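Notes to accompany the following structure.
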Amino acid sequence: MQLQSMYQEIILDHYRNPHGRGLREPFEAEVHHVNPTCGDEVTLRVHLDGDTLADISYEGMGCSISQASVSAMYDLVIGKPVPEALETGEHFMTLMQSKGDASVAEKLEDELEDAIAFAGVSKYPARIKCALMSWMALKDASARALAASTAVPTTHPTTPAGGDKA
Amino acid sequence: MTQTVSRPGAGAQKAPLPLDVEAIRADFPILSRTVRDGKRLVYLDSGATSQKPLSVLDAERDFYLTCNAAPHRGAHQLAEEATGRYEAARATIGAFIGAPAEEVVFTRNTTEAINLVAYALSNAATAKEPEFRRYAVGQGDEIVVTEMEHHANLVPWQQLCERTGATLRWLGLTDDGRLDLSDLGTVVNERTRLVAVTQQSNILGTINPLGDISARAREVGALLLVDGAQSVPHQPVDVTTLGADFLVFSGHKMLGPTGVGVLWGRYEVLDALPPFLTGGSMIEVVRMEGSTFMPPPQRFEAGVPMTAQVIGLAAAVEYLQQLGMERVQAHEEALTAYALEKLAEIPGVTVIGPPDTVARGGAVSFTVEGVHPHDVGQVLDDLGVEVRVGHHCAWPVVRRYGVPATTRATFYVHTGYDDIDALADAVREAQRFFGVAQGEVS
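The listed protein sequences derive, respectively, from chains X and S.
First residue of the first sequence? That's 1 in this note's numbering, and the numbers climb one at a time after it.
First residue of the second sequence? That's 1001 in this note's numbering, and the numbers climb one at a time after it.
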């Protein structure tokens, strides 16, 4: 069975016991992203302290890969400055594009910690979007939060994005 | 609604299958390939697209090898032969649904056929020719769909309403996966210009009572469009008794090539519609100041058509006719009954859709408690069982039944009981994998 290469124990752990799940206050931006081919969804909030990700909070539904990915991402980026978090996101994107090339995963091991367990997903093109959805949501929400913090405060920062609100 | 043959403890019943599955499989070379490290391919995704028998591939190849040319243009011998084959294919495909050739319009697929009608209805409002305004849709008019529709038979009508100011209304669903016709009399009313409904749900498998809907549409003078994408491939459909004004379906779901679909329309209605796409071969006279158009079906076939695909689809139709559509339907009904029983035997599996084979076709959607459909699909795929997972382009349906997505198995002429046994075994394996995986996966 090739399945174990994708469903690493670490992924199933994050799926069953997600870290940081739930929507919390305060937040400067909230986004809603969906994977329109299959209906996976995540609502994600970003709270900044300066340019540091003080908290990300989220609710979502979807397959084990999409839900474990957001949990692993939470662990990775909390407390990091936004540019560094986005760079980690770029590393994760590189991993997803690696088509199962172990040498790529090896090089990224330090940067991606638990998220390196998603290396096996890169062999399944149909599932890559599931793993990337939360990272896209983070990129979007961070940009909005940064824009909100440098702009004149508006009445309500909540902004849906990323396609059809289910 | 109580024709379930299930006997608790007796195991699923295997009625003799009307079609010779082994002989049919020999016509589909793709079915002998393996997937995922040598697993037998168990293809249960014909509802998304069907596999193609050799005769269809041969027909397309023969066209390119012997008489490839653009039909309806040029006076050379190849053009004559290509036109002859193209029009002969139109007659074959028309006869398959009981229609004369001039009522058969070729489109890219079902989606384009529906868009053709939707755009013709809004174009009618601004047509300079009075004869094209008969079916114009505008403010105060209503379009009726159902909550069961594929996005292809929903979004074009939403868009038509946005373009014209008309109002979209819809018939809802019952808990057991049927259309709720209790308010048919009010939802379809004298303001209704068109009712668009699927003959068979691509996700629930439900076969709809078109007679009631047609009668009501007739009563109020509304047009009726039937989405046959999931019915024409799987059961006899005859437009002379369907009670519809339009029937749309795709070639690629009925053993034919991709890139060809059909819009059938009653000639009188087609003839009163303005064109959707315009350009070459649909015109009568072109001057710099303006143009006039050919009668149907040419009016709706702008540009060089998908000639080889049309010829391939005619070969697919002939293949199905040789099997006999009654037998195809009976074959799938036996498989569906067996699949419903096999799935019912698995604790935690819930079928979304009618629980028996009464007015139901071979699309079986289900959920597995505790395992997301994507994850179910991944385990199935690992075992060579190819199904569809997700919302199946019918998002309102999965939302109606409170699930994020489903796993869907669909059957066709090459499907046998062994395929359904493989499905049931794989679903149990998915449960085992996700149930005990924590301790076992390394």
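Beta carbons are placed, not taken as given, at the ideal position from N, Cα and C, and that holds for glycine.
These numbers come from a predicted model, not from an experiment.
Quiz item: Under 8 Å between C-beta atoms, does residue 158/X make it to chain S?
Solution: Low per-residue confidence applies at residue 158/X: pLDDT is 45, beneath 50, and the placement is therefore not dependable, though the value from the model is reported in the following sentence. So no, residue 158/X is outside the interface.
Quiz item: Under a Cβ-count criterion, where at least 16 other Cβ atoms within 10 Å of its own Cβ denotes burial, should residue 1030/S be classed as buried or exposed?
Solution: With fewer than 16 other Cβ atoms from the protein chains shown falling within 10 Å of its own Cβ, residue 1030/S counts as exposed.
Quiz item: For residue 1437/S, which residues from the same chain have a beta carbon less than 7 Å from its beta carbon, with the 5 sequence-adjacent residues on both sides left out?
Solution: Reliability of the predicted coordinates at residue 1437/S is poor, the pLDDT of 37 falling under 50, and no value is obtained from them.
Quiz item: Is it buried or exposed for residue 1066/S, if we count other Cβ within 10 angstroms and need 16 for buried?
Solution: By the neighbour-count rule (16 or more Cβ atoms within 10 Å), residue 1066/S is not buried but exposed.
Quiz item: Rounded to the nearest angstrom, how far is the Cβ of residue 1264/S from that of residue 1389/S, given a contact under 8 Å?
Solution: No, residue 1264/S and residue 1389/S are not in contact; Cβ-Cβ is about 32 Å, not under 8 Å.
Practice problem: Using a cut-off of 7 Å between C-beta atoms, extract the partners of residue 1444/S located in chain X. | Solution: The requested residue 1444/S does not occur in the structure, where chain S is confined to residues 1001 to 1442.
Quiz prompt | Whole-angstrom distance between residue 1216/S and residue 1298/S, CA atom to CA atom | solution = For residue 1298/S and residue 1216/S, the distance between alpha carbons rounds to 31 Å.
Quiz prompt | Strand pairing of residue 1264/S, partner residues [DSSP] | solution = Looking at the DSSP output, residue 1264/S shares a beta bridge with 1104/S and 1247/S.
Practice problem: Determine the extent of the beta strand (DSSP E) in which residue 1163/S is found, giving its start and end residues. | Solution: Segment 1155-1164 is the alpha helix (DSSP H) holding residue 1163/S; no beta strand (DSSP E) there.
Quiz item: DSSP on residue 1198/S, reduced to helix/strand/coil?
Solution: DSSP places residue 1198/S in strand when its eight states are reduced to three.
Quiz item: From this set, 117/X, 141/X, 121/X and 122/X, which residue's C-alpha is nearest residue 9/X's C-alpha?
Solution: Measuring C-alpha to C-alpha distances from residue 9/X to each of 117/X, 141/X, 121/X and 122/X identifies 117/X as the nearest.
Exercise. Just tell me which of 135/X, 52/X and 92/X has its CA closest to the CA of residue 83/X.
Key: Minimum Cα distance to residue 83/X is reached at 52/X.
Exercise. Label residue 1139/S either buried or exposed according to how many other C-beta atoms from any shown protein chain fall within 10 Å of its C-beta, with 16 as the threshold for buried.
Key: Within 10 angstroms of the beta-carbon of residue 1139/S lie fewer than 16 other beta-carbons, which makes it exposed.
Self-check item: Candidates 38/X, 69/X and 35/X, of which the one nearest residue 120/X by Cα
Solution: That would be 69/X, whose Cα lies nearest to the Cα of residue 120/X.
Practice problem: Can you pull the chain X residues whose beta carbon is under 7 Å from the beta carbon of residue 1157/S, in chain order? | Solution: From the beta-carbon of residue 1157/S, no residue of chain X is found nearer than 7 Å; the closest lies around 17 Å away.
Quiz prompt | Bridge-paired residues (DSSP) for residue 49/X | solution = Its beta-bridge partners are 52/X.
Quiz item: Just by C-beta distance, which residues in the region 1364-1378 of chain S are closer than 8 Å to chain X?
Solution: Against chain X - using a Cβ distance shorter than 8 Å - the residues of the region 1364-1378 of chain S are 1372, 1373, 1374, 1375 and 1378.
Quiz item: Whole alpha helix (DSSP H) runs in the region 1063-1124 of chain S with 4 or more residues, listed along the chain?
Solution: Restricted to the region 1063-1124 of chain S, the alpha helix (DSSP H) segments that are unbroken, complete and at least 4 residues in length are 1077-1096, listed in chain order.
Exercise. Determine which residues of the region 30-50 of chain X have a Cβ less than 7 Å from any Cβ of chain S, and write them out in chain order.
Key: Answer in chain order: 37, 38 and 39.
Quiz item: Taking the continuous alpha helix (DSSP H) assigned at residue 1390/S, which residues delimit it?
Solution: Note, residue 1390/S: premise wrong, no alpha helix (DSSP H); beta strand (DSSP E) at 1388-1390.
Practice problem: Starting from residue 1291/S, trace the beta strand (DSSP E) both ways and give me its first and last residue. | Solution: 1290-1293 is the extent of the beta strand (DSSP E) around residue 1291/S.
Quiz item: Cβ of residue 71/X less than 8 Å from any chain S Cβ?
Solution: Not an interface residue.
Practice problem: Compare the C-beta of residue 1227/S with all C-beta atoms of chain X and state if any pair is closer than 8 Å. | Solution: With 8 Å as the cut-off, residue 1227/S does not count as an interface residue toward chain X.
Quiz item: According to DSSP, is residue 1059/S helix, strand or coil?
Solution: If DSSP states are grouped into helix, strand and coil, residue 1059/S belongs with the helices.
Quiz item: Between the beta-carbon of residue 1099/S and the beta-carbon of residue 1087/S, is there less than 8 Å?
Solution: For residue 1099/S and residue 1087/S, no; Cβs fall outside 8 Å.
Quiz item: Can you find a C-beta in chain S that's less than 8 Å from the C-beta of residue 61/X?
Solution: Against chain S, the CB of residue 61/X has a partner CB under 8 Å away; the residue lies at that interface.
Quiz item: Got a sec, what are the start and stop residues for the alpha helix (DSSP H) residue 1419/S sits in?
Solution: That run of the alpha helix (DSSP H) goes 1417-1440.
Quiz item: Taking contact to mean at least 3 C-beta pairs separated by less than 8 Å, is the region 1265-1273 of chain S in contact with the region 1113-1133 of chain S?
Solution: Between the region 1265-1273 of chain S and the region 1113-1133 of chain S there are three or more inter-stretch CB-CB distances shorter than 8 Å, so the stretches are counted as touching.
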